[in-house]
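Asks: Residue numbers (numbering that gives the first Met the number 0), protein chains in the order written: chain A, 0 to 272; chain B, 0 to 272.
All C-beta atoms, glycine included, are put in the ideal place defined by N, C-alpha and C.
Number of protein chains: 2
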Amino acid sequence: MKAAPEREVDRSVSQTVKAQLALRDQILSGSLRPGERISELQAVETTGASRTPVRMALVRLEEEGLLEAIPSGGFMVKAFSERDISDSIELRGTLEGLAARFAAERGVSARELEPLKECLAAIDELLRQIPISIEAFSSYVALNARFHALLTELSRSPPLIRQIDRASALPFASPSGFVMAQSALPEAQQILIIGQEHHRVVIDAIENREGARAEAVMREHARLAVRNLRLALRNRTHLDLLPALALIKTATDRGQCHALHRDLDSGDAGVDP
Amino acid sequence: MKAAPEREVDRSVSQTVKAQLALRDQILSGSLRPGERISELQAVETTGASRTPVRMALVRLEEEGLLEAIPSGGFMVKAFSERDISDSIELRGTLEGLAARFAAERGVSARELEPLKECLAAIDELLRQIPISIEAFSSYVALNARFHALLTELSRSPPLIRQIDRASALPFASPSGFVMAQSALPEAQQILIIGQEHHRVVIDAIENREGARAEAVMREHARLAVRNLRLALRNRTHLDLLPALALIKTATDRGQCHALHRDLDSGDAGVDP
DNA sequence: TCTTGATGCTATGTATACATTCTTTAAAAG
DNA sequence: CTTTTAAAGAATGTATACATAGCATCAAGA
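Laid out in C-alpha cells, this is it:
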C-alpha cells in the first residue's frame with residue numbers, strides 16, 4: 000500500500016497545516032523580516048505546498064496576529080513594540096483572571112481540581128533543587144503551560160477559552176514566553192518561586208470561592224511575565240533562546256525607544272505612519 | 000469607462016469580502032441552521048463567487064467565531080447557549096474595562112476626549128425626549144457603537160483594540176447587540192439612562208486618572224447588556240428585530256433551559272456531548 | 001429482518017492556468 | 001539633476017479542473 004512512510008506523514012497532515020507551521024517557523028526564526036511583504040511564490044517554494052494552501056495558511060496567520068494585511072494586497076510580517084508585547088501579556092493576564100474568577104464563582108468539584116494540584120506538586124518538586132538546572136527549566140515550561148491550560152478550562156466557558164487561546168497564540172504573550180530567556184539569571188529562580196506561589200494562591204482562592212482574589216492573583220501573575228520580558232530584554236545574553244525576537248521593534252529601527260511613555264500629548268503619533 | 004455602475008460595485012469589492020458578507024447574512028438570518036454542514040457548492044450558487052473566495056470567506060468566518068470546523072472537513076454553523084452569549088458579553092466588558100483603565104492610567108489629552116464628550120452630549124440630547132421613539136433607538140445604537148469604538152481607541156493599545164474588535168464581532172456580544180430587541184419595553188428607557196450614566200462616569204474617571212473606577216464601571220456597563228439579553232429572551236415579542244436569534248440554542252433543542260446554574264456538581268456535564 | 005460489506009457518488013482539498021492590478025524601472029522633459 | 005509618465009514585469013485575486021476521501025445507499029448473507 001504505502002511505499003514510503005515519509006510520504007505517509009506528508010499526506011496525513013493537510014498541506015494547509017504544513018504550510019502554516021512552516022511559515023510560522025520562518026517568521027519566528029527571523030527568516031522573514033517584519034514589514035517585509037511575503038511573496039506567495041517564495042512561500043510555495045520553501046513550504047513545498049501549492050499556492051492555494053499557502054494562501055489559506057497566510058489568512059490563518061493573519062487572524063493569529065503574526066501577519067498584517069497590506070491594503071494593496073498580500074501580507075507582511077507584523078512588527079511589535081515592547082509595549083505591544085507587555086500589553087499582550089497584560090491582556091492575557093486579564094483574561095486568565097476572568098477565567099479564574101469564573102471558576103471560583105461557579106464552583107469547581109474536588110475531582111476537577113485534582114489535576115491542577117498534581118501539576119502544582121510537580122512544579123514544587125522541580126523547585127526543590129536549587130539552583131535549578133536547565134533541564135528543570137525546560138520541564139517547568141511544560142508544566143507551567145499545562146497548569147495554565149487546566150486553569151483556563153476550569154472556567155467552563157467555551158468563548159473565554161477560545162479567546163485565551165487566541166491571546167496566547169502570540170509566542171511572547173504565552174504563559175512561558177520569556178522564562179527560558181533568563182534561565183541563567185539569579186533573579187529567575189526567585190521569579191519561579193513567586194510564580195509558583197501565585198499558582199498555589201489561585202487554587203486556594205478557587206477552592207474557597209474567592210472570585211476577586213483568584214482574579215487579582217492571576218493578573219499579578221501575568222505581570223511577573225512582564226517583568227521577565229523586561230529582564231530578558233535588558234540582559235541580552237541568552238536572548239537567542241527565545242523565538243520571535245526578530246519581531247520586536249528595537250531602538251535602532253526607529254528614532255527613540257523609551258519615548259513611548261511620553262507620547263501622551265503628541266496627538267496621533269505612536270501609530271505607524 | 001464604466002458601462003454599468005452595478006458592475007462597478009462588483010469589482011471594487013473583492014469576491015472574498017462579498018462572499019463573506021453574503022454568508023454572514025445567511026447565517027445571521029437563519030438561512031443556514033446551526034449544526035448544519037455548509038455546502039461549498041451551494042454557497043457558490045448563493046453568493047455568486049467562485050469556490051476559492053468562498054473558501055477564504057469560510058476560513059475567515061471560522062476565525063470570527065460564527066463557524067466551526069468539522070474534523071472530517073468543511074464547516075458548520077456554530078450554536079450558542081444563553082450562557083455562551085452572556086459570557087461573551089462579560090468578556091467584552093472585561094476587555095473594555097481594561098481599555099478604560101489603560102486610558103485612565105496612561106492619561107488622555109483634552110483634545111482626545113472631545114469626540115467622546117460630543118458623543119455623550121448627542122446621546123443626552125436623544126434621551127431628553129421621553130418616551131423614546133423607534134428612530135431615536137436606532138440613532139442611539141449608532142451613537143453607542145461610536146462611543147465604544149472611541150473609548151477603545153483611547154487605550155492606545157493596538158493588541159487590545161484588536162482583541163476587543165474580535166470579541167465584538169459576534170453580533171450578540173457587540174455593545175448594542177440587544178438594545179433594539181426591547182425598544183418597546185418600559186424598562187428599556189431606564190436601561191438606556193443607566194447606560195448613559197455609565198458613559199458619563201467612565202469619561203469622568205478617565206479624566207481624573209482613576210483607573211480602577213474606569214475599569215469597574217465598564218464592566219458593570221457590560222452587565223447591563225447581559226440584562227438586556229435576559230429581558231429580550233424573556234419578552235419574545237420583538238425578538239425578530241435582532242439578528243442571530245437563530246444561533247441561540249433554545250430550550251426546545253435540549254432538555255432543560257435554566258438548569259445551567261445547577262451544573263456545578265455534575266462533573267463534566269455542560270459540555271456538548 | 002438485521003447487519004455487514006461493497007460500490008458509487010458527492011464534497012472537500014489541492015493544483016494550476018488566467019486576468020487584473022500594483023509596483024518598479026527607465027526614459028524623457030522641464 | 002530632478003521629476004513625471006509610461007511601459008513592462010511580477011504578484012495577487014479568481015476560476016476551474018482533478019484527485020482523494022468520506023458518506024450513503026443498496027444488496028447479500030446470516
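#1: Checking the sheet assignment: what are the DSSP bridge partners for residue 247/A?
#2: What is the C-beta distance between residue 215/B and residue 88/B, in whole angstroms, given that I count them as a contact (C-beta under 8 Å)?
#3: Is the CB of residue 246/B under 7 Å away from at least one CB in chain A?
#4: Three or more C-beta pairs under 8 Å: does that hold for the stretch 145 to 154 of chain A against the stretch 107 to 115 of chain A?
#5: In chain order, what residues of the stretch 88 to 106 of chain B put their CB closer than 9 Å to some CB of chain A?
#6: Just to confirm, is the Cβ distance from residue 79/B to residue 247/B under 7 Å?
#7: Can you list, in chain order, the residues of its chain whose CB lies under 8 Å from that of residue 266/A, leaving out five sequence neighbours each side?
#8: Got a sec, what are the start and stop residues for the beta strand (DSSP E) residue 209/A sits in?
#9: Less than 8 Å between the CB atoms is what I'm expecting for residue 65/B and residue 26/B, so what's the real figure, rounded?
#10: Please report how far the alpha carbon of residue 163/A lies from the alpha carbon of residue 70/B, in whole angstroms.
#11: Under a three-way DSSP split, which group does residue 136/B fall into?
#12: Can you tell me the Cα-Cα spacing of residue 169/B and residue 134/A, whole angstroms?
#13: Using the C-alpha atoms, what's the distance from residue 167/B back to residue 24/A?
#14: Any residues in the stretch 42 to 71 of chain B with a beta carbon nearer than 8 Å to a beta carbon of chain A? Which ones, in chain order?
#15: Residues of chain B with a CB under 8 Å from the CB of residue 166/A: which are they?
#16: According to DSSP, is residue 48/B part of a helix, a strand, or is it coil?
#17: Let me confirm a value: residue 95/B is counted as buried when at least 16 other C-beta atoms fall within 10 Å, else exposed. Which label applies?
#18: Could you tell me which of 173/A, 91/A, 127/A and 233/A sits nearest to residue 297/A, measuring between CA atoms?
#19: Evaluate residue 12/A with the Cβ neighbour count: other Cβ atoms within 10 Å of its Cβ, from every protein chain shown; 16 or more gives buried, anything less gives exposed.
#20: What residue range is occupied by the uninterrupted alpha helix (DSSP H) comprising residue 18/A?
#21: Would a check of beta-carbon distances place residue 17/B closer than 7 Å to chain A?
#22: Nearest chain A C-beta to residue 159/B closer than 7 Å, yes or no?
#23: Just checking, does the stretch 52 to 66 of chain B make contact with the stretch 46 to 60 of chain A on the three C-beta pairs under 8 Å criterion?
#24: Out of 220/B, 187/B and 184/B, point me to the one whose CA is closest to residue 201/B's CA.
#25: Helix, strand or coil, according to DSSP, for residue 68/B in the structure here?
#26: Output needed for residue 260/A: all residues of its chain with C-beta closer than 6 Å, excluding positions within five of it in sequence on either side, in chain order.
#27: Would residue 245/B and residue 99/B be called neighbours here (beta carbons separated by less than 7 Å)?
#28: Hey, quick one: how far does the alpha helix (DSSP H) through residue 153/B stretch, first residue to last?
#29: For residue 124/B, is the classification buried or exposed, using 16 other Cβ atoms within 10 angstroms of its Cβ as the cut-off for buried?
#30: Name the chain A residues that come within less than 7 Å of residue 86/B, Cβ to Cβ?
#31: Label residue 211/B either buried or exposed according to how many other C-beta atoms from any shown protein chain fall within 10 Å of its C-beta, with 16 as the threshold for buried.
#32: Suppose the cutoff is 6 Å on Cβ atoms and the five residues either side in sequence are ignored; what does the same chain contact list for residue 119/A look like?
#33: Among residues of its own chain, excluding the 5 on either side of residue 32/A, which ones have a beta-carbon nearer than 8 Å to its beta-carbon?
#34: Quick one: which chain A residues come within Cβ less than 9 Å of residue 83/B?
#35: Closest to residue 138/B by C-alpha separation, out of 175/B, 83/B and 222/B, would be which residue?
Replies: Concretely, from the data shown:
#1: 79/A
#2: The Cβ separation is near 16 Å, so there is no contact.
#3: no
#4: yes
#5: Result list: 89, 90, 93, 94, 96, 97, 101, 105 and 106.
#6: yes
#7: Confidence in residue 266/A is poor, its pLDDT being 35 and thus under 50, which makes the residue's placement too unreliable to answer from.
#8: Careful: residue 209/A lies outside any beta strand (DSSP E) and carries neither H nor E.
#9: 5 Å
#10: 22 Å
#11: helix
#12: The C-alpha of residue 169/B lies about 43 Å from the C-alpha of residue 134/A.
#13: 30 Å
#14: 51, 54, 55, 58, 59, 62 and 64
#15: Near residue 166/A (Cβ distances below 8 Å), the residues of chain B are 162.
#16: coil
#17: buried
#18: It is not possible to answer for residue 297/A, since the shown part of chain A is limited to 0 through 272.
#19: exposed
#20: 14 to 28
#21: no
#22: yes
#23: yes
#24: 220/B
#25: Residue 68/B: strand per DSSP, three-state reduction.
#26: The predicted model places residue 260/A with a pLDDT of 35, which falls under 50 and marks its position as unreliable; any figure quoted below should be read in that light. None.
#27: In this structure, residue 99/B does not lie closer than 7 Å to residue 245/B by Cβ.
#28: Note, residue 153/B: premise wrong, no alpha helix (DSSP H); not H, not E.
#29: exposed
#30: 156, 158 and 159
#31: exposed
#32: 198
#33: 76 and 245
#34: Neighbours of residue 83/B on chain A, chain order: 156, 157 and 158.
#35: The candidate whose alpha carbon is nearest that of residue 138/B is 175/B.
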